[in-house]
Amino acid sequence: MATSLKNLSDYNIADVPSAADMKFGIVVSEWNTEITEALFEGAYNTLIKHGAKEENIIKKYVPGSFELTAGAKYIAEMTDVDAVITLGCVIQGDTPHFDFVCQGVTQGMTQLNLQYNIPFIFGLLTTLNMQQAKDRAGGKHGNKGDEGAVTAIKMVDLAWSLKK
Numbered sequence: 023m024a025t026s027l028k029n030l031s032d033y034n035i036a037d038v039p040s041a042a043d044m045k046f047g048i049v050v051s052e053w054n055t056e057i058t059e060a061l062f063e064g065a066y067n068t069l070i071k072h073g074a075k076e077e078n079i080i081k082k083y084v085p086g087s088f089e090l091t092a093g094a095k096y097i098a099e100m101t102d103v104d105a106v107i108t109l110g111c112v113i114q115g116d117t118p119h120f121d122f123v124c125q126g127v128t129q130g131m132t133q134l135n136l137q138y139n140i141p142f143i144f145g146l147l148t149t150l151n152m153q154q155a156k157d158r159a160g161g162k163h164g165n166k167g168d169e170g171a172v173t174a175i176k177m178v179d180l181a182w183s184l185k186k
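Read in order, the letters of the sequence shown are residues 23 to 186 in the working numbering.
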């Protein structure tokens, strides 16, 4: 569904399980920091709102969006998190670079989800301009970081429910 038809921050709070016992890694791209820090703020505040403890949220930076998959892999391998949320922003430019980065991150995140036994949440904004990015990082379309946090909580809960 197109973001313009749904607010990324709208969800039924009652449908989200407690995150009190969950641990999260959040990988944030340093590129387009105005946007990525807003995405992080949304994700972090949503995790806390649903009971996650500050000490159970690890934040790490990577230089750009292309590096999100490697950063997520490092967190999965070197910590004991239950889910990894990746947050980045790629804005269309005049060259095909946009396509290569977006495709690479998409394929990388799919590989991580298949390779590891924890969820990797795709929080990469792929927009045509800065205004679209702002609209999805706390603007008129909500915050993709909120959506990523809710997705992480629900996916961890799903995995845990299947282990019982």
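Cβ atoms here follow ideal geometry from the backbone N, Cα and C, with glycine treated the same way.
Any idea which residues DSSP pairs residue i with across the strands?
i: CYS124; result: Paired residues: none, contrary to the question.
i: THR148; result: VAL112
i: ILE143; result: ILE107
i: ALA159; result: ASN165
Assuming the contact rule is C-beta atoms closer than 8 Å, residue i and residue j should be a hit. Round their C-beta distance to whole Å, please.
i: SER87; j: GLY110; result: 3 Å
i: ILE79; j: TYR66; result: 6 Å
i: VAL172; j: THR68; result: 6 Å
i: VAL74; j: PHE142; result: What sits at residue 74 in the sequence shown is Ala, not Val. ALA74 to PHE142, Cβ: 17 Å. No contact.
i: ASN151; j: LEU61; result: About 17 Å separates the two Cβ atoms, so there is no contact after all.
i: ILE113; j: THR58; result: Contact flag wrong, Cβ pair sits at about 12 Å.
i: LEU147; j: ALA155; result: 5 Å
i: TYR83; j: VAL50; result: 5 Å
Quick one: is residue i buried, meaning 16 or more other Cβ sit within 10 Å of its Cβ, or exposed?
i: ASP102; result: exposed
i: ILE107; result: buried
i: ASP104; result: buried
i: ILE175; result: buried
i: ASP157; result: buried
i: LEU180; result: exposed
i: LEU134; result: buried
i: LYS185; result: exposed
i: MET100; result: exposed
i: ALA36; result: exposed
i: HIS119; result: exposed
i: ALA42; result: exposed
Give, in chain order, every unbroken run of the beta strand (DSSP E) that is at least 3 residues long and sits entirely within the segment 47-111.
79-84
Check whether the segment 138-147 touches the segment 27-37, taking contact to mean three or more Cβ pairs, one atom from each stretch, closer than 8 Å.
no
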